[in-house]
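In this note's numbering, the protein residues as written are 1 to 219.
What follows is the structure, encoded as structure tokens:
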């Protein structure tokens, strides 16, 4: 029995085809200005990778900000989906940190059922999100995939004191004018995101083990 999952986020759209035990097909695209069209395209690509037609699907489940803009049999909040997915693959995890394009979340899971006990969400400010990294990448003139390797070459600890994305951008421009090394600045940006999320986790009550998900997880 095949099931398809669609996650239509602010920055990216992904589709997964699942046969009950494993991922058979996967596709990841930029969301763009037409989430419905992107979701259909992502699903078709995932189906092609799985080697099945849409008629073979028992159900299509949608999540993410654009879940109401696409055709689906079931729509579920991304918080519930995060809890379910992490609990399935990593049942020992108690806290999930999800950093997406326009928000970040910290989710506390039940040790017995894996269901959501509590969560906290930052969706009012770009700080601590993928969008923050994108804005700072434009200032640093680097690609998003360069953050990690560049930050790893840090020689001097530099701190961004501004938590607001707009003010942080101005602060970063000022640090560039001072001649600060780009690797040090890339590290400062990553640290700023991490510190913002850590403060959220502390307010909720962090319980290890931890899983990090979302488009920023690899940073």
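Glycine included, C-beta positions come from ideal geometry on N, C-alpha and C.
Residue i and residue j closer than 8 Å at C-beta
i	j	result
residue 166	residue 97	no
residue 109	residue 94	yes
residue 25	residue 47	yes
residue 43	residue 3	no
residue 27	residue 39	no
residue 203	residue 120	yes
residue 185	residue 171	no
residue 220	residue 1	Since the displayed the chain opens at 1 and closes at 219, residue 220 lies outside it and no answer follows.
residue 72	residue 62	yes
residue 60	residue 133	no
residue 115	residue 83	yes
Buried versus exposed, by CB contacts within 10 Å (16 or more), residue i
i	result
residue 217	exposed
residue 211	buried
residue 149	exposed
residue 127	buried
residue 158	buried
residue 106	buried
residue 30	exposed
residue 177	exposed
residue 164	exposed
residue 173	exposed
residue 22	exposed
residue 12	buried
DSSP-derived helix/strand/coil call for residue i
i	result
residue 176	helix
residue 26	strand
residue 1	coil
residue 8	strand
6 Å CB neighbourhood of residue i in its chain, flanking five on each side removed
i	result
residue 187	151 and 154
residue 117	108 and 110
residue 69	35 and 36
residue 102	10, 129 and 131
residue 18	3
residue 87	114
Beta-carbon proximity list for residue i, same chain, < 7 Å, skipping 5 on both sides
i	result
residue 65	8, 9 and 10
Contact set for residue i: own chain, Cβ-Cβ below 8 Å, skip 5 residues either direction
i	result
residue 169	135, 136 and 139
Check your understanding: Which runs of the alpha helix (DSSP H) spanning at least 4 residues fall entirely within the region 13–86, listed in chain order?
Key -> 35–50
**Study point:** Ranges of the alpha helix (DSSP H) found wholly within the region 157–208, counting only runs of at least 4
**Key:** 165–177 and 182–204
Point to revise | Unbroken stretches of the beta strand (DSSP E), 3 residues or longer, contained in the region 96–163 | key: 104–109 and 116–122
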